[in-house]
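Residue numbers (the UniProt record's numbering): 1 to 263. Yeah, the Cβ is synthetic: ideal placement off N, Cα and C, and Gly gets one too. This structure is a prediction, so every number in the text was calculated from the model and none was measured. Let me begin by presenting the structure, written as structure tokens, before commenting on it.
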Ligand SMILES: [Zn+2]
């Protein structure tokens with residue numbers, strides 16, 4: 001069981017060492033911006049690292065929207081990130097499920113996801129697996145609730161698509177964590193990565209506000225149960241810098257009875 005954290009992108013391997021993390025996730029560009037990722041000077045070192053790497057795509061990406069001025073650049077930016085992730089030997093690129101605007105037909109949003117994979121296939125393919133992450137909020141989201149997730153997978157399941165399960169987003173989004181992994185896997189067939197976060201917001205609050213595992217509104221044992229059931233690598237996206245995240249990683253290793261691969 002590989003466990004790590006979302007870290008600053010300047011020197012991800014140093015950040016991993018600071019936390020005794022086996023895995024790190026980071027951004028390749030401003031998460032609130034539209035700039036394509038630049039080639040990294042440390043690409044060779046990253047590729048050779050023992051630490052597993054994941055890239056989180058910018059938050060601005062929304063490939064589902066009916067708004068052309070967001071959807072078209074979103075596709076390009078996602079493809080650019082997947083290929084930049086491949087260049088550093090990352091295991092995958094994580095992207096939020098996205099949403100349509102109020103009044104728009106969610107069915108078109110799912111079809112826009114299908115078109116995104118078709119576009120990538122026509123452009124040489126995503127360089128790494130794309131892991132679609134469940135989100136916490138909104139009434140028109142593609143991957144907040146499992147009924148929507150099932151419709152999304154109906155649209156894109158023929159492509160090679162991965163899934164990233166965020167415990168904060170699921171809980172705040174209104175999905176019970178007990179038994180959640182089985183319900184997700186019945187839809188997606190797989191969970192590639194778990195984002196292990198507690199939630200500052202209440203159940204079904206729709207709030208995307210992460211907390212350390214021992215804080216927040218989720219029973220930490222439920223987060224551990226999700227990880228155990230998923231059997232996937234884990235990334236904490238929790239506050240508190242090195243100390244806060246290292247404590248969360250230690251807590252998970254203790255609960256799961258696993259040791260650091262990085263030591
Ligand atoms: Zn997440």
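Continuous alpha helix (DSSP H) stretch holding residue i: start and end
i, result
"residue 251", "241-256"
"residue 23", "No alpha helix (DSSP H) holds residue 23; the beta strand (DSSP E) holding it covers 23-26."
"residue 18", "12-19"
Nearest-angstrom beta carbon gap, residue j and residue i [assumed within contact, 8 angstroms]
i, j, result
"residue 137", "residue 208", "6 angstroms"
"residue 227", "residue 196", "6 angstroms"
"residue 94", "residue 164", "5 angstroms"
"residue 150", "residue 97", "With a Cβ gap of about 12 angstroms, residue 150 and residue 97 do not count as contacting."
"residue 192", "residue 146", "Actually they are not in contact, since the Cβ atoms of residue 192 and residue 146 sit about 17 angstroms apart, beyond 8 angstroms."
"residue 190", "residue 157", "About 11 angstroms; that fails the 8 angstroms criterion."
"residue 238", "residue 222", "About 15 angstroms; that fails the 8 angstroms criterion."
"residue 21", "residue 3", "7 angstroms"
"residue 54", "residue 234", "Contact flag wrong, Cβ pair sits at about 11 angstroms."
Proximity to residue i [Cα-Cα], best of the options
i, options, result
"residue 122", "89, 79 and 51", "79"
"residue 125", "148, 82, 152 and 1", "82"
"residue 52", "91, 213 and 74", "91"
"residue 204", "155, 223 and 135", "135"
"residue 261", "45, 211, 108 and 49", "49"
"residue 256", "237, 45 and 232", "232"
"residue 86", "234, 235, 40 and 20", "40"
"residue 133", "166, 127, 117 and 106", "166"
"residue 107", "129, 74, 152 and 73", "152"
"residue 224", "211, 251, 206 and 200", "251"
"residue 89", "198, 200, 116 and 24", "24"
"residue 67", "139, 102 and 186", "102"
"residue 206", "20, 26 and 143", "143"
"residue 31", "6, 258 and 214", "6"
"residue 185", "18, 201, 57 and 229", "229"
"residue 46", "14, 194, 1 and 116", "14"
"residue 253", "11, 19, 154 and 37", "19"
"residue 36", "16, 17, 43 and 57", "57"
"residue 177", "199, 160, 188 and 159", "199"
Residue range of the unbroken beta strand (DSSP E) whose run includes residue i
i, result
"residue 227", "That residue, residue 227, is in no beta strand (DSSP E); its alpha helix (DSSP H) goes 220-230."
"residue 193", "193-195"
"residue 319", "The requested residue 319 does not occur in the structure, where the chain is confined to residues 1 to 263."
"residue 5", "3-6"
Can you give, in chain order, each stretch of the beta strand (DSSP E) that sits fully within the region 49-119 and has at least 3 residues? Contiguous beta strand (DSSP E) elements confined to the region 49-119 occur at 52-56 and 92-96, taking only those with 3 or more residues.
Jot down the residue ranges of each uninterrupted beta strand (DSSP E) in the region 115-177, minimum 3 residues, whole runs only, in chain order. 130-133 and 161-166
Contact between the region 58-76 and the region 229-249 is defined here as three or more beta-carbon pairs at a separation below 8 angstroms; is this criterion met? no
State whether the region 43-61 contacts the region 111-118, with contact taken as three or more CB pairs (one from each stretch) at a distance under 8 angstroms. no
Indicate whether the contact test is met: 3 or more Cβ pairs, each with one atom in the region 216-233 and one in the region 169-178, closer than 8 angstroms. yes
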